[in-house]
Every structure is written in C-alpha cells, then in structure tokens.
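In this note's numbering, the protein residues as written are 23 to 285. Backbone N, C-alpha and C fix where the C-beta goes; we use that ideal spot for every residue, glycine too. A quick write-up on the structure given underneath.
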Amino acid sequence: MDGPAIGRVLVSNAEGFAPGDYVVHVLGWRDHAVLDAAGAQKVDPNLAPLTAYLGVLGVPGLTAYIGLERFAKIKEGDTVFVSGAAGAIGTQVGQIARPKGAGRVIGSAGSDEKVKLLIEEYGYDAAFNYKNGPVAEQLAKAAPDGIDVFFDNVGGEHLEAAIGALRLHARIVLCGMVSQYNDEKVVGPRNLWNLSVTRSDILAFMFSEELDLQPDFVREVGGWLAEGKLRYRETVREGLDGTLDAFLALMRGENVGKMIVKL
Ligand SMILES: NC(=O)c1ccc[n+]([C@@H]2O[C@H](COP(=O)([O-])OP(=O)(O)OC[C@H]3O[C@@H](n4cnc5c(N)ncnc54)[C@H](OP(=O)(O)O)[C@@H]3O)[C@@H](O)[C@H]2O)c1
C-alpha cells in the first residue's frame, strides 16, 4: 500500500541527499524503500517534529488549505460547516477558515469527546455529534440562518443536510466521502434542486492537482504553526504489524487528527 511516510536516508547516490537526512516519500507501508531522488522531499526536523510533515504540514494540512483558499472562496463573516471535523483535515479546516474570514465555524464528529475538543481546542463555535440525531436537525440548531460554505469530508447524510441548509450563493467543497467508501447501498442527495434555488456551487478537488499552492501553504500555515497559533493532534499506533488495524481504525473513528504509525 502506498501513502505518505517519513524515512531516514541510509544510502544515497543522489546529489543533495546524505545518510541521516530525513525525507517524505509516498511509498507507504514498509520499513525500507529504494526510490529515485525525485520521489523524495527533504524535511527539516529542527523546524517541526517529523510527524508534522505527514499531518499539519503534510497532505492533510495542504488539502485543508487548498479547499479553503481555492474553492471555498470565503467571504468576510461567512458561516462555514465542516464534516469529519475532528480528522486530520477537519481539525485544520476550522482553524484556517477563521483567518480567511469565516464568521462562524461549525463542525460535526462522531463522539461527544470529539465535539468537546472541537470547541475547546480547535476554535469551532459550535459542534455536534452526528450519531446523536439526524444531521439536518442538529445543523439547523447550530446554524439557524443557514450556511455559506460546506467543507465535506463525509458525504451521504451530511451532504444532503448541508444542501438543505445553504444560503444564497453558497459553496460546497467536496474533499472526501468517508461515509461512502465501504457502503455499496449509497443513495445520492435527494435535494439537489436546492442548489438551483440558492444559486450555489459544488466544487470537487484533489490536492495533487493543486500543488502550485504548496509554497503559499508552507509560508502561511508554517508561519502560524511556528507562532503557536495552530493546534494539532496525532493518534499514534506502534509498529508495522499494526498498520492495517490503524487504517481500519480510521473507518471506526478512533483517531483525532492524523493517524500515524511509528516504526
Ligand atoms: N480531496 C483530496 O485531495 C483529499 C486528500 C486527502 C484526503 N481526502 C479525504 O478527506 C477526508 C478526510 O480525510 P482525513 O485525513 O481528515 O480523515 P481522517 O483523519 O482519516 O479521519 C477519518 C474520520 O472520518 C470519520 N468517519 C469515518 N467513518 C465515517 C462515517 N461513516 N460517517 C461520518 N464520519 C466518518 C471518523 O471520525 P468520526 O469519529 O467523526 O466518525 C474518522 O476519524 C477523507 O474522506 C479522505 O479520503 C481528500
């Protein structure tokens, strides 16, 4: 299985890479890898903890940044709703949305503990546990005047509820659909017409096609991180043998922030 990993260079024939250097690569679930220098990006362990390059300074942080910066087109005072808000991406979306102009930020997650964290640690104004009742009802309570932006990591019931809560000229950013990856009986949103009624957009993206934003991301988000303005957590599992279980645990909601497997 591939996926982002941090490695330490043992042997190098490539200019610019020496034994002992740390690199990010995408060869994933393994303890040793042989790769071209083009597939490795050097990281500085003195600037941030190594695992940060897999989470807050890695793909999840970048994905949160791209979704907000390029697709959400946040306007001053917008109400932003985030699903999967306690995951690696969602925890960053809430925090980045605020300096980008969001007025009110609302999140949903799958446990009361996570809901508490969203409000106390990640700066969400309101949050709810989607397992405690219908998403549409809970969202209506948290955002009685509707939402301007929906950053969706989950799909399914969340997407339908958000479409039903859109204000005029709202934007839905489709980042992921974790509720549907294992579900063969998915039914699409039944209220798409509300996009016309509210003249709203649904925009889907894949971070790998938007890498031109990486320098801005490193400058802006790296700066906030260095200033201590950005909070992040990791869920750490030990050992290569535990990788499969760590992966399945994502589907069970056992992580807060980025799931890391440490070798
Ligand atoms: N577009 C892109 O470029 C891009 C890049 C990377 C990732 N993604 C996608 O973005 C999404 C978020 O990624 P991430 O790394 O932040 O996630 P993550 O840290 O892997 O978190 C996954 C979370 O999803 C929640 N979840 C699992 N099953 C669910 C269900 N049936 N309904 C609602 N929530 C459920 C769980 O939290 P709860 O306890 O809250 O249920 C779990 O902790 C994923 O769908 C991923 O595939 C997109």
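Extent of the continuous beta strand (DSSP E) to which residue i belongs
i, result
"A27", "27–30"
"S130", "126–131"
"L188", "188–196"
"V45", "44–47"
"F269", "Taken as a continuous stretch (DSSP letters only), F269 belongs to no beta strand (DSSP E), being part of the alpha helix (DSSP H) at 265–273."
DSSP-derived helix/strand/coil call for residue i
i, result
"L57", "coil"
"N154", "helix"
"K64", "strand"
"E260", "strand"
"R92", "helix"
"K207", "coil"
"T220", "coil"
"K97", "coil"
"Y254", "coil"
"L285", "coil"
"D24", "coil"
"A165", "coil"
"A149", "strand"
"V171", "strand"
"V104", "strand"
Any non-hydrogen atom of ligand 1 within 7 Å of residue i CB
i, result
"L272", "yes"
"G186", "no"
"N154", "no"
"P82", "yes"
"A108", "yes"
"G25", "no"
"V176", "yes"
"A131", "yes"
"G275", "yes"
"V219", "no"
"V209", "no"
"F150", "no"
"T300", "Any answer about residue 300 is impossible in this case: the structure gives the chain only from 23 up to 285."
"G264", "no"
"V200", "yes"
"K136", "yes"
Residue interval of the alpha helix (DSSP H) (run including residue i)
i, result
"F239", "236–248"
"T85", "81–88"
"A119", "112–119"
"K122", "Per DSSP, K122 belongs to no alpha helix (DSSP H) and is neither H nor E."
"F227", "That residue, F227, is in no alpha helix (DSSP H); it is neither H nor E in DSSP."
"L139", "134–142"
Through-space distance from residue j to residue i, alpha-carbon basis
i, j, result
"N151", "D205", "21 Å"
"Y87", "Q236", "9 Å"
"Q117", "G145", "6 Å"
"D306", "R92", "In the structure as shown, the chain starts at 23 and stops at 285, and residue 306 therefore has no counterpart that could be examined."
"P286", "E179", "In the structure as shown, the chain begins at 23 and stops at 285. Residue 286 is therefore absent and cannot be evaluated."
"A74", "A184", "31 Å"
"A131", "I282", "20 Å"
"A62", "G261", "22 Å"
"Q114", "V78", "7 Å"
"L211", "L76", "The sequence as given places Pro at residue 211; Leu does not occur at that position. Using only the alpha carbons, I get a separation of about 33 Å."
"G125", "I111", "20 Å"
"G155", "S133", "12 Å"
"V209", "S201", "12 Å"
CB contact check: residue i to chain C, cutoff 8 Å
i, result
"L217", "Structure shown: chain C not included; a single protein chain is present."
Touch check for the stretch 241–258 and the stretch 273–281: three-plus C-beta pairs under 8 Å?
Contact between the stretch 241–258 and the stretch 273–281 is established, with three or more Cβ pairs separated by less than 8 Å.
Given 8 Å, three or more beta-carbon pairs between the stretch 222–233 and the stretch 191–201:
Yes, the stretch 222–233 is in contact with the stretch 191–201.
Decide if the stretch 161–179 is in contact with the stretch 103–114; the criterion is three or more beta carbon pairs, one per stretch, under 8 Å apart.
Contact between the stretch 161–179 and the stretch 103–114 is present: three or more C-beta pairs spanning the two stretches fall below 8 Å.
Would you call the stretch 232–246 in contact with the stretch 48–68, where contact means no fewer than 3 C-beta pairs closer than 8 Å?
At 8 Å Cβ cutoff, the stretches do not touch.
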